[in-house]
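See structure below.
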Amino acid sequence: MASLATTFGRGAMTNHWVDIKNADVVVIMGGNAAEAHPCGFKWVTEAKAHNNATLIVVDPRFTRSAAVADYYAPIRSGSDIAFLGGLINYLLSNDKIQHEYVKRFTDATFLVNDGYRFEGGLFSGYDPATHAYDKASWAYQKGPDGFVVTDDTLQHPRCVFNLLKQHYSRYTAEMVARVTGTPREQFLKVCELIAATSAPDKTTTFMYALGWTQHSVGTQMIRTTAMVQLLLGNIGMAGGGINALRGHSNIQGLTDLGLLSNMLPGYLTLAGDKEQDFKTFLDKRAFKPLRPGQMSYWQNYPAFHVSLMKSWYGDAATRDNNWCYDWLPKLDKVYDVLQVFELMHQGKLNGYVAQGFNPLAAFPDKAKISRALANLKFLVVIDPLATETSEFWKNFGEFNEVNPAAIKTEVFRLPSGCFAEEDGSLVNSSRLLQWHYKGEDPPGEAKGDAEIIAGLFLKLRELYRTEGGAFPDPIRNLTWPYRIPASPSAEELAREFNGKALDNVTDPKDPTKVLAKAGEQLAGFAQLRDDGSTACGCWIFSGAWTQVGNMMARRDNSDPSGLGNTPNWAFAWPANRRIIYNRASCDAAGKPWDPRRTVIAWNAKATQWQGMDVPDMRPDAAPEQNVGPFIMNPEGVARLFGVDKLADGPFPEHYEPFETPLGTNPLHPAVVSNPAARLFKDDREALGSAKEFPYIATTYRLTEHFHFWTKHARLNAILQPEQFVEIGEELAKEKGIRSGDQVTVSSKRGHIKAVAVVTKRLKALVVDGKLLHTVGIPIHWGFKGVAKNGYLANTLTPFVGDATTQTPEFKTFLVTIEKA
Amino acid sequence: MALQSLDIKRRSATTTPSAGIRSTPELAKLIDVSKCIGCKACQAACMEWNDLRDDIGTTAGTYDNPRDLTEHSWTVMRFAEVEPEPGRLEWLIRKDGCMHCADPGCLKACPAPGAVVQYHNGIVDFHEEHCIGCGYCVTGCPFNIPRLSRADAKVYKCTLCADRVAVGLEPACVKTCPTGAIMFGTKTDMLKQAAGRITDLKRRGFAKAGVYDPKGVGGTHVIYLLQHADRPELYSDLPDNPSISPMVSLWKGAVKPLTSLAFGMIAVGAFFHYLVKGPNRVPEEREQEVDQ
């Protein structure tokens with residue numbers, strides 16, 4: 168999500184599931200949609216059947232997606248930036264870009280600070296002591312008027328376009344083949360198929376998932392694709408875009424609501440501990456336009472933030488106390504999951520609540536997670552299932568060899584309902600909030616999650632009220648306006664996220680006109696104010712439950728355009744837009760690049776943007792005003808140059824996985840792996856080398872199962888009962904392993920045993936002159952449930968995270984394999 | 299089983315003519331292998347609709363699970379990794395199960411009256427209450443589909459969800475298939491649909507794409523769309539030219555009329571014998587002997 172926000176302004180899938188049917192070329196890379204998203208994958212089959220689309224799959228394995236692809240190319244796991252960087256080079260060298268789009272809708276013409284450099288694998292500003300960059304030089308040049316200096320001729324050597332060309336000129340087809348193992352001809356064939364959609368009326372759509380996010384360079388992998396799509400002019404177009412396929416039904420909702428340690432709802436952010444001053448905090452986030460006339464929608468940040476605080480603290484939040492700014496935590500560092508378990512491992516964090524979460528199975532290096540959990544005083548597990556985490560202290564023989572007598576952690580298991588046992592909304596990959604109704608009561612003593620959290624909160628508040636404590640105010644003053652305080656309903660929570668008027672909200676252009684009366688639900692985030700007259704729990708969800716009612720429960724699937732837009736089906740954030748950045752589907756004059764797939768167009772008579780979708784643009788902004796289509800970016804355009812948004816560089820660069828099978832980086836041998844990635848000291852020592860562990864391993868999911876849940880369900884267990892690992896025929900022959908044999912797979916951190924599946928679908932690749940084998944490791948087994956007990960696959964994985972998001976590198980590490 | 303007697307076209311081991319007044323279109327399930335991703339949703343739907351639960355098995359080194367059809371698993375996905383041309387890997391995934399032949403070997407082979415029936419719409423169904431567990435249908439099937447249960451000595455196989463179809467619903471596997479690889483309708487419509495898909499596949503480089511609707515069994519009501527229709531054996535040994543075992547054909551074909559004729563001749567002979575010779579009478583002296 169960080170990569171898409173850096174490039175386009177919002178961290179979300181740009182198009183939506185149904186829209187995939189409009190694509191000319193579908194690329195599945197960094198994911199395996201047929202396997203992990205079989206229902207959504209139907210839109211790929213629709214594109215093939217009704218839009219004559221070509222499906223390309225690039226993956227280390229010949230996957231279920233590859234089984235129905237028109238073209239498959241193998242790639243070494245972890246080398247995608249080299250492949251995509253090569254694609255950028257191909258597009259630029261063969262002049263296969265959408266010129267008008269690139270010039271008008273990206274920062275290609277922007278000049279970059281003279282201090283910015285990329286040399287020998289490092290960007291300017293690197294500090295080897297802290298493994299971090301000083302990003303000051305990663306910036307645009309600004310003129311005396313405060314706006315960025317541009318060169319519309321694209322001739323200036325410091326313009327983004329030329330820096331981009333220069334950066335990726337190293338990614339030749341030969342270099343790509345050498346780094347990725349993809350045979351040169353196959354790489355070029357993929358380039359050729361994708362490049363054909365640089366025509367203004369052709370589109371490629373990319374579908375990716377954890378195959379890109381779970382790398383130490385994951386964010387940058389996705390960003391490379393975002394840049395490719397900009398060069399091809401495919402963002403904002405029906406049948407284009409970058410489709411980030413979310414792995415849980417509501418994981419988009421998780422990020423939307425800011426359930427990350429450094430986030431607030433709606434992608435608002437928490438302050439750092441240096442940001443004690445409220446005004447500075449807001450100014451830093453309310454981006455002023457970097458080019459004349461741009462919307463720079465984050466200028467409304469104060470309205471979103473103040474409305475959030477009014478929602479949380481009601482009358483206690485006043486202008487005089489900076490809307491309770493002092494009650495918000497200020498971060499000294501990011502407390503992501505790796506950091507939290509590192510602190511737990513060090514004994515510095517001693518209580519943990521795992522809600523709908525199975526960290527023993529889901530986090531890297533199971534042994535470390537297990538040791539960390541054993542350091543806790545208490546562990547609360549809120550889950551519908553008896554998870555491995557909740558029984559980490561119990562000995563399950565070879566699958567969990569611990570000594571319960573030595574573990575003092577007190578574990579509380581609070582059984583919760585599952586999604587079908589409560590009302591509420593789920594946000595899917597398409598940013599669609601769909602309301603659903605409870606099918607059953609939770610069994611036995613289980614309670615809904617809201618009820619459990621409410622119970623904990625009310626008890627805590629009582630303690631703070633009676634006993635005081637170090638900092639009671641934020642808890643004591645939290646608004647809790649629910650009819651049954653011990654059990655807030657989904658409807659109440661949804662209305663709160665949408666927001667309401669606390670005072671009459673009037674039209675800024677005509678103060679006599681009341682847009683929303685005090686007490687009414689707001690129609691959308693345009694009505695939010697920074698003066699305390701509105702309350703809103705999550706600004707991007709505003710519009711989901713208006714005065715009219717629950718927009719998420721709408722079920723009108725009429726599709727007037729025939730493009731699958733269904734504007735009256737549920738509610739999509741932001742503002743019910745289905746294809747975001749849709750202004751970019753039209754040329755400078757406001758005419759659609761492809762009239763067959765008109766999303767919106769400028770209607771000169773009505774002086775309005777109109778179409779099948781809600782315009783992602785000020786509705787009356789005439790094309791000649793040159794308001795850019797990427798309204799969240801202060802530039803107004805999308806960023807090919809990522810400025811200082813990511814921790815590891817403004818342009819994506821190929822770095823080797825932390826456990827590299829090559830031991831070098833053919834692009835720059837001195838800098839092998841991501842210099843800014845997250846790696847704690849002890850974990851660096853737990854990394855293996857190719858000498859000891861010569862095979863690339865990658866973890867993944869299977870259609871028959873969902874993470875670590877469905878091994879508890881008999882149907883799924885019947886369909887895929889027992890843990891296995893996959894190896895290619897060459898490696899099997901070398902090791903004397905036959906299909907069905909028991910094998911042991913070991914990494915520096917531990918070992919697992921499983922049945923071997925010997926397959927033609929995993930081929931050895933020649934990388935940098937070496938023949939490299941891959942071992943495939945499906946993740947779904949463990950020691951709880953009805954499927955055959957097995958090892959947690961994360962026994963093997965390394966504790967290293969992406970530089971920006973700290974997502975662990977589950978997709979590439981080193982192992983060895985032997986017949987058990 | 300939910301279908302009524304009016305729907306029955308043929309019953310096993312029955313000479314009584316079936317009802318013939320109802321006109322029912324011939325139905326078919328089209329399995330488009332080129333669209334199948336092997337997700338096994340059809341297997342799950344089959345188990346759920348029919349309330350079947352197989353054992354939780356083991357992994358034998360392939361994705362196939364359960365490994366084979368059983369009395370609880372009426373359909374399974376069979377995964378085949380093949381290289382029809384050197385270097386061009388294909389993962390051909392075929393949903394295996396009853397083909398609902400127009401000329402069903404199981405029905406022909408079955409000696410139990412009404413244990414196997416064929417409906418006018420083409421569905422071939424087992425009526426287990428009449429099944430005697432002889433297993434002849436297993437021998438009779440050219441596709442190796444029926445499975446004899448050890449628990450109750452009855453045979454089981456896919457019913458094409460006859461109970462759903464009878465009330466206007468599609469089979470459960472069709473309903474659940476996420477990619478539209480399994481379709482259901484009149485056989486005419488399914489062949490038309492397949493023709494469109496064949497054009498598309500040919501354009502995508504599968505010159506021999508075609509329908510699998512084998513004539514040896516009179517055509518089937520489950521038809522496959524194959525990328526390589528000229529080589530069905532690539533699809534986990536789908537038979538090239540299936541036909542009913544000669545033993546069954548012999549038993550029900552040539553031999554059965556002969557034996558029936560023989561039985562008939564004996565009856566006729568006996569009758570004429572009666573006419574000519576009259577009833578068999580025991581001589582009185584013999585009766586007396588017995589009495590003593």
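Protein sequences, first through last, are from chains C and R.
Quick note on our numbering: the first sequence kicks off at 168 and runs consecutively.
Quick note on our numbering: the second sequence kicks off at 299 and runs consecutively.
Where is the CB? At the ideal position from N, CA and C, for every residue including glycine.
Alpha carbon of residue i to alpha carbon of residue j, nearest angstrom
{"i": "residue 547 of chain C", "j": "residue 559 of chain C", "result": "12 angstroms"}
{"i": "residue 473 of chain R", "j": "residue 898 of chain C", "result": "41 angstroms"}
{"i": "residue 607 of chain C", "j": "residue 661 of chain C", "result": "21 angstroms"}
{"i": "residue 682 of chain C", "j": "residue 743 of chain C", "result": "19 angstroms"}
{"i": "residue 931 of chain C", "j": "residue 717 of chain C", "result": "53 angstroms"}
{"i": "residue 738 of chain C", "j": "residue 601 of chain C", "result": "7 angstroms"}
{"i": "residue 481 of chain R", "j": "residue 370 of chain R", "result": "23 angstroms"}
{"i": "residue 438 of chain C", "j": "residue 294 of chain C", "result": "24 angstroms"}
{"i": "residue 568 of chain R", "j": "residue 546 of chain R", "result": "30 angstroms"}
{"i": "residue 503 of chain C", "j": "residue 428 of chain C", "result": "6 angstroms"}
{"i": "residue 775 of chain C", "j": "residue 731 of chain C", "result": "23 angstroms"}
{"i": "residue 299 of chain R", "j": "residue 317 of chain R", "result": "At residue 299 of chain R, the pLDDT of 46 sits below 50, so the modelled position is not reliable; the number obtained from the coordinates is stated separately. Approximately 16 angstroms between the Cα atoms of the pair."}
{"i": "residue 542 of chain C", "j": "residue 561 of chain C", "result": "15 angstroms"}
{"i": "residue 320 of chain C", "j": "residue 271 of chain C", "result": "12 angstroms"}
{"i": "residue 565 of chain C", "j": "residue 948 of chain C", "result": "14 angstroms"}
{"i": "residue 295 of chain R", "j": "residue 503 of chain R", "result": "There is no way to answer for residue 295 of chain R, as the model of chain R reaches only from 299 to 590."}
{"i": "residue 904 of chain C", "j": "residue 487 of chain R", "result": "48 angstroms"}
{"i": "residue 848 of chain C", "j": "residue 810 of chain C", "result": "29 angstroms"}
{"i": "residue 247 of chain C", "j": "residue 233 of chain C", "result": "17 angstroms"}
{"i": "residue 432 of chain R", "j": "residue 439 of chain R", "result": "14 angstroms"}
{"i": "residue 456 of chain C", "j": "residue 308 of chain C", "result": "14 angstroms"}
{"i": "residue 748 of chain C", "j": "residue 394 of chain C", "result": "15 angstroms"}
Integer Cβ distance of residue i from residue j, believed to fall under 8 angstroms
{"i": "residue 340 of chain C", "j": "residue 355 of chain C", "result": "6 angstroms"}
{"i": "residue 929 of chain C", "j": "residue 228 of chain C", "result": "6 angstroms"}
{"i": "residue 470 of chain C", "j": "residue 511 of chain C", "result": "38 angstroms between Cβ atoms; not a contact."}
{"i": "residue 224 of chain C", "j": "residue 211 of chain C", "result": "At roughly 10 angstroms, the Cβ-Cβ gap does not stay under 8 angstroms, so residue 224 of chain C and residue 211 of chain C are not in contact."}
{"i": "residue 425 of chain R", "j": "residue 413 of chain R", "result": "6 angstroms"}
{"i": "residue 183 of chain C", "j": "residue 745 of chain C", "result": "5 angstroms"}
**Report entry** Minimum length 4: unbroken alpha helix (DSSP H) runs contained in the stretch 818-887 of chain C
**Finding:** 848-852 and 881-886
**Report entry** Residues, ordered as in the chain, of the stretch 908-940 of chain C that lie near chain R by beta-carbon distance below 9 angstroms
**Finding:** 908, 921, 922, 923, 924, 925, 926, 927, 928 and 930
Report task. Only counting runs of 4 or more residues, tell me where the alpha helix (DSSP H) segments fall wholly within the stretch 894-921 of chain C, in order along the chain. Result -> 896-902
Query raised in the report: What are the complete alpha helix (DSSP H) segments, minimum 4 residues, inside the stretch 641-714 of chain C?
Result: 657-665
Query raised in the report: Residues in the stretch 888-905 of chain C with C-beta within 9 angstroms of chain R's C-beta atoms, listed in sequence order?
Result: Cβ contacts with chain R: 888, 889, 890, 891 and 905.
Query raised in the report: Quick check: the stretch 972-986 of chain C against the stretch 524-539 of chain C, are there 3 or more CB pairs under 8 angstroms?
Result: A contact is defined here as three or more CB-CB pairs under 8 angstroms, and the stretch 972-986 of chain C meets this definition with respect to the stretch 524-539 of chain C.
Query raised in the report: Would you call the stretch 465-482 of chain R and the stretch 342-361 of chain R in contact, with 3 or more CB pairs under 8 angstroms?
Result: yes
**Report entry** At least 3 beta-carbon pairs within less than 8 angstroms: the stretch 753-760 of chain C vs the stretch 211-221 of chain C
**Finding:** no
Query raised in the report: Is it true that the stretch 963-973 of chain C meets the stretch 812-830 of chain C, where meeting means three or more beta-carbon pairs spaced less than 8 angstroms apart?
Result: yes
Report task. Select from the stretch 180-191 of chain C all residues with a C-beta closer than 8 angstroms to any C-beta belonging to chain R, and list them in chain order. Result -> none
Query raised in the report: Whole alpha helix (DSSP H) runs in the stretch 498-564 of chain C with 4 or more residues, listed along the chain?
Result: 504-512, 526-529 and 533-541
Query raised in the report: Going along the stretch 344-368 of chain R in order, which residues come within less than 8 angstroms of chain C, judged by CB to CB distance?
Result: 345, 346, 351, 352, 353, 354, 355, 356, 357, 358, 359, 360, 361, 363 and 364
Query raised in the report: Can we say the stretch 346-356 of chain R touches the stretch 880-887 of chain C, given the rule of at least three CB pairs closer than 8 angstroms?
Result: yes
Report task. Output, in sequence order along the chain, the residues in the stretch 234-253 of chain C whose CB is closer than 9 angstroms to any CB in chain R. Result -> 234, 235, 237 and 239
Query - Every unbroken beta strand (DSSP E) inside the stretch 330-400 of chain R [3 residues or more] - result: As far as the stretch 330-400 of chain R is concerned, its whole beta strand (DSSP E) runs of at least 3 residues are 374-383 and 386-394.
Report task. Identify every run of the beta strand (DSSP E) within the stretch 460-506 of chain R, keeping only runs that are complete inside it and at least 3 residues long; order them along the chain. Result -> Every beta strand (DSSP E) of 3 residues or more that sits fully in the stretch 460-506 of chain R is shown, in chain order, as 480-484.
Report task. Report yes or no: do the stretch 829-846 of chain C and the stretch 934-953 of chain C share at least 3 C-beta pairs separated by less than 8 angstroms? Result -> yes
Query - At least 3 beta-carbon pairs within less than 8 angstroms: the stretch 886-902 of chain C vs the stretch 356-366 of chain R - result: yes
Query raised in the report: Between the stretch 301-315 of chain C and the stretch 434-451 of chain C, do at least 3 Cβ pairs fall closer than 8 angstroms?
Result: no
Query raised in the report: Would you call the stretch 564-583 of chain C and the stretch 613-620 of chain C in contact, with 3 or more CB pairs under 8 angstroms?
Result: With a cut-off of 8 angstroms on Cβ pairs, the stretch 564-583 of chain C is in contact with the stretch 613-620 of chain C, counting three or more such pairs.
Report task. Identify each residue in the stretch 945-956 of chain C for which the Cβ-Cβ distance to at least one residue of chain R is less than 9 angstroms, and report them in chain order. Result -> 953, 954 and 955
Query - Runs of alpha helix (DSSP H) lying entirely within the stretch 428-454 of chain C, each at least 4 residues, in chain order - result: Entirely contained in the stretch 428-454 of chain C, the alpha helix (DSSP H) runs reaching 4 residues are, in chain order, 445-452.
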